[in-house]
Amino acid sequence: MRFFGLFLFSLFLCNSVFSQEKPSVIHIAFEDVANPPRIMNSIRNSHSKLPGLTLELLSLIEKKLNVEFEFTRTPWARCKVLLKSNIADGIFHASYKKEREKFGVYPKLNGRIDASRSVFFRNYAVYVRSDSEAYIEDGQLKNVDGTVSAKIGYSVISDLEKNGLEVDSVKKISNGLDMVSVGRVSAFVDLEEMTDAYIAQNNSKYPNLKKMKIPYRTKAYYLIFSKEFYAKNKKLTEQIWDALAEISSSAEFIKIRHKYLLM
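Residues -19 to -1, 1 to 244 in mature numbering (1 follows the signal peptide of the UniProt record, and there is no 0) are what the sequence shown spells out, letter by letter.
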């Protein structure tokens, strides 16, 4: 398991694109911000005894399948560009969006998305002012006065728009929470674990905010591969997805998860 810059990362492209044999290295891109407990560190501090559950999981897959993953960290929007252009062989963590099937391949069973071979499941939570009367009913965010906010590039934006809500996209968690706090937007919808961790570290900044008890969405998150990589390495790709499911429920990985609970 290695971390390289994008320039070195792209130099190995020919190996995976043109080889018909098992690739010597599988290039994976993922977001450059912490996403605890799946990714514990920012791009500035990628080497740690507790790198994150997803990286630990992929390390076990390397050993099981005798493969090597090489990682590049970059903003999520850029991850998708790398996959589209076949510079990255795979990206995580990608929730399911039909439009992403134009350039990426998800695990499937009998033609349907196979959530049992996802990396993990996670909630999108709603953060509002303490005096807000917004509520969630039948999967819809209701009684919202005005615009809501969500992080740019995240799949929940399309869900909110289908909900009939106007969405102001932001780059950072702090941007979204700040906008709710000062009343510029009515709510901020984001990944629960990431936002909860940020609030815990900056609790004094948001005394007037609360998290709604019911999550807005619960989604599966996947390791998806480029169409080109899948076409040339179908058997290996399916083995990786199978290993994700098998190892995620193994005693070895449960023991690893326990380390993160004790942090």
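Where is the CB? At the ideal position from N, CA and C, for every residue including glycine. A quick note: this is a predicted structure, and the numbers were derived from the prediction, not measured.
Residue i classed as buried or exposed, judged by whether at least 16 other C-beta atoms fall within 10 angstroms
i    : result
V161 : buried
R103 : buried
K213 : buried
P188 : exposed
A69  : buried
R54  : buried
G157 : buried
K132 : buried
E51  : buried
Closest Cα partner of residue i within the set the options
i           : options                : result
K45         : H239, Q220, F206, K240 : Q220
N67         : V137, K208, V151, L31  : K208
A106        : I235, E173, S5, Q182   : E173
W57         : K194, G134, Y187       : G134
Q121        : S99, I205, V166, I195  : I195
G228        : D13, F101, K123, D149  : The sequence given here places Ile at residue 228; Gly does not occur at that position. Ranking D13, F101, K123, D149 by Cα distance to I228 puts F101 first.
K89         : L204, Y116, S231       : L204
L225        : L41, N22, I9           : L41
V125        : V137, S136, V148, S139 : V148
K65         : F210, E114, K123, N47  : F210
residue 245 : E51, E2, N22, S136     : Limits of the chain in this structure are -19 at one end and 244 at the other, which puts residue 245 out of reach.
I9          : M21, K61, S139, N22    : K61
A115        : N91, M193, W222, D177  : M193
Pairwise C-alpha distance: residue j and residue i
i    : j    : result
Y179 : K153 : 11 Å
D119 : S76  : 21 Å
G85  : K78  : 10 Å
V170 : Q182 : 18 Å
V129 : E233 : 41 Å
R98  : F73  : 13 Å
F206 : L141 : 27 Å
V109 : E43  : 42 Å
L63  : D112 : 43 Å
G71  : V14  : 18 Å
A159 : V151 : Inspection of the sequence shows that residue 159 is occupied by Asp rather than by Ala. Taking the straight line joining both Cα atoms gives about 11 Å.
R59  : K143 : 25 Å
K191 : E12  : 27 Å
K123 : N47  : 50 Å
S167 : L146 : 11 Å
T218 : S155 : 37 Å
Cut-off 6 Å between Cβ atoms - residues of its own chain near residue i, not counting five sequence neighbours on either side
i    : result
I237 : E37
G164 : none
N16  : M175
I94  : Y77, Y87
S230 : none
Other residues of its chain near residue i: CB distance less than 7 Å, five sequence neighbours each side excluded
i    : result
A96  : A201
Y241 : P18, L31, L34
W222 : P88, R98
Closer than 8 Å: residue i CB and nearest the ligand ZN heavy atom
i   : result
V48 : Questions concerning the ligand ZN fall outside what the structure shown contains, since it holds no ligand whatsoever.
Cβ shell of residue i (< 8 Å), same chain only, five flanking positions each side left out
i    : result
S139 : K78
Which runs of the beta strand (DSSP E) fall wholly inside the segment 80 to 141 and span at least 3 residues, in chain order?
Considered as a whole, the segment 80 to 141 harbours 101 to 110, 116 to 118, 121 to 123, 129 to 132 as its complete beta strand (DSSP E) runs of no fewer than 3 residues, in chain order.
I'd like the ranges of any alpha helix (DSSP H) spanning at least 4 consecutive residues and lying wholly in the segment 2 to 63.
34 to 46
Which runs of the alpha helix (DSSP H), 4 residues or longer, sit entirely within the segment 158 to 185?
The segment 158 to 185 contains these whole alpha helix (DSSP H) runs: 173 to 182.
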